[in-house]
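Undergrad: Can you keep this structure in mind? I'll have questions shortly.
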Amino acid sequence: MTVDPAAGSPLLLFSGAPRRAGPGTAPGRRLGADPRFAAEATTALSAGAGCAVLDHEALLAGDTEGALARVPRGAGPVWYRGWALPPERYAALAGALAAHGGRLLTSPAAYRTAHELPGWYDTFRALTPRSIRLPYAVGRAPEPAAPAVESFDAVGTARVWWLDGEPVLTGPHPDTPGLRPVPDLASVAPAVRALGARFVTTDLARRADGVWRVVEVGDGQVSGLPAGLDHRPLFEALVTAGAGYPLALTAGRVALRALLPTTAARVADGESAGFDWIDGAPAETTSGGAGIAVRAAAAGHYRPGWGVFVLTDAVAGTALGSIGFHGPPDDEGFVEIGYDLSPSARGAGWATEAVRLLAGWAAAHPEVRTVCALTEPENLPSQRVLERAGFRFVGEREGLRAYEAAAVAPNPAGAEDEEPLNAGSHPRS
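Taking my numbering, the leading residue of the sequence shown gets 1488, the next gets one more, and so forth.
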């Protein structure tokens, strides 16, 4: 699937490499994509990002204008993906881009925090082996320090990519691509969110007692991707977040986590896709809804921010069902939602809270005038969910009952949902 870049889509700025001039070519410096990042650029383009090449050598030499010679003016939001930069050169890049109408989405301060010690250490102090910083003079051997050793299992190191506090890609460390441990992120996520950097990586190893420990934090723009790993989820997330859309919506006990195209395809096939489903696997209706989203993306109708979300318990992380849009708002500002719950999640009010959260988010956008849901006439529990969420009945459409969002209503104390198997609005292919 290839997504065409839309207005507001971010630019992915990749490190370039100089090319040798061939016979008969005009004199002057020639620049092409660095082979190290060429495959990533192809993936970014397919995810809907714009791409440009940065002259890395020129930037290091202090020539910021030359470094941006092949970067379009007015680029808007920009993610950098390339070789590591000294913090002062990264700050110079941010300033030069701003003068050209671009905006690095990772600020110089956030880059320094994630890229260098001691920037991230205090935030992760309880999760990482003890570190000691000693004074160092060039030309003199470092002072001896008493080692504080932690023993780790031989399962390999996992690298987790985080964007806006959400884990968007997990794989092996680039140095050990053959080892693919699956880390427990429950204790790590709060620290990542507290760090305040949008795009970071954490390298985790499992201690001999079974506890996962953070052994390194890095800036996601300059952290290496391992070979053999499907990178599409990462770049789909970069496009979504870079365009200003959330990867997660949270209110109270409900968290809605964006189900982007590559992961949606896995859910459509009945896979858990990294989620802890309350019934062990996505419900048939959840897989069906994900399949509709995948087909819409294949037909070119996908727009970041207006797809499907997995409905999860914000505290436990358990996946309970799904909710989402049938597509982006149309020319009249009309957008339709649908939802479903796994059998074990019904009757506890989850659907009402999720509908209220998603409808409220949609209604806050100026391009949205009406949020609608359609139900089968006999689906009384779903109609009660919509009414409790602040929707009102507006008539029949194509043999279905149509509801539109009114003012957001508070959840009645003790209210419970009684969702049937397909509690959502009528699915449309």
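Ideal placement from N, C-alpha and C gives every residue a C-beta, glycine not left out.
1) Under the rule that 16 or more other beta-carbon atoms within 10 Å means buried, what is P1720, buried or exposed?
2) Would you decide whether L1500 is buried or exposed? Buried here means 16 or more other CB atoms lie within 10 Å of its CB.
3) In chain order, what are the residue ranges of uninterrupted beta strand (DSSP E) at least 3 long that sit wholly in the segment 1555–1593?
4) Tell me the DSSP secondary structure of T1610 in three-state form.
5) Check each candidate in R1740, P1791, I1810, D1818 and name the one with the smallest Cα separation from S1774.
6) Under a three-way DSSP split, which group does R1753 fall into?
7) May I ask you to report which of helix, strand or coil DSSP gives W1699?
8) Taking only the alpha-carbon atoms, compute the straight-line gap between G1553 and E1819 and give it to the nearest angstrom.
9) Once the 5 residues before and after W1764 are set aside, which same chain residues still bring their CB inside 7 Å of it?
10) What does A1745 pair with, by DSSP beta-bridge criteria?
11) Apart from the five residues just before and just after A1520, which ones in its own chain have a Cβ nearer than 8 Å to its Cβ?
12) Report yes if the C-beta distance between T1663 and G1643 is below 8 Å; otherwise report no.
13) Pull up the distance between the alpha-carbon of D1756 and that of G1778, whole angstroms please.
14) DSSP three-state label for A1786, please.
15) Going by CA-CA distance only, name the one from V1797, R1790, G1877 that's closest to D1817.
16) Please classify R1693 as buried or exposed, where buried requires at least 16 other C-beta atoms within 10 Å of its C-beta.
17) Go through the segment 1808–1837 residue by residue and report every complete run of the alpha helix (DSSP H) that reaches 4 residues or more, in order.
18) Does the Cβ-Cβ distance between T1689 and V1669 come in under 8 Å?
19) Quick check on this structure: which residue in G1825, S1831, R1612, A1596 has the alpha carbon closest to the alpha carbon of R1700?
20) Let me know if R1879 comes out buried or exposed under the rule of 16 or more other beta-carbons within 10 Å of its beta-carbon.
21) Could you pull the DSSP bridge partners for W1764 from this structure?
22) Should P1497 and V1726 be called a contact, given that it needs their Cβ atoms to be closer than 8 Å?
23) Less than 8 Å between the beta carbons of A1850 and Y1826, yes or no?
24) Taking only runs of the alpha helix (DSSP H) that begin and end inside the segment 1526–1554, which ones reach a length of at least 4 residues, in chain order?
25) Below 7 Å CB to CB, which residues in the same chain sit around R1685 once its five sequence neighbours on both sides are set aside?
26) Below 8 Å CB to CB, which residues in the same chain sit around R1740 once its five sequence neighbours on both sides are set aside?
27) Taking the alpha carbon of T1749 as the point to measure from, which residue in P1769, A1785, A1735 has its own alpha carbon closest?
28) Answer with buried or exposed for S1674, where buried requires no fewer than 16 other C-beta atoms within 10 angstroms of its C-beta.
29) Between the alpha carbons of L1666 and G1549, how many angstroms are there, rounded?
30) I'd like to check one pair, L1743 with L1798: are the Cβ atoms closer than 8 Å?
31) Would you say L1572 and E1653 are within 8 Å of each other, going by their C-beta atoms?
TA: Answer, in terms of the structure:
1) buried
2) buried
3) 1563–1568, 1589–1591
4) coil
5) I1810
6) helix
7) strand
8) 45 Å
9) A1806, S1829
10) F1796
11) F1501, G1503, A1504, A1528, V1540
12) yes
13) 8 Å
14) coil
15) R1790
16) buried
17) none
18) no
19) R1612
20) exposed
21) A1806
22) yes
23) no
24) 1543–1547, 1551–1554
25) L1592, T1593, A1597, L1650, D1651
26) D1800, A1801, V1802, E1840
27) A1785
28) exposed
29) 40 Å
30) yes
31) no
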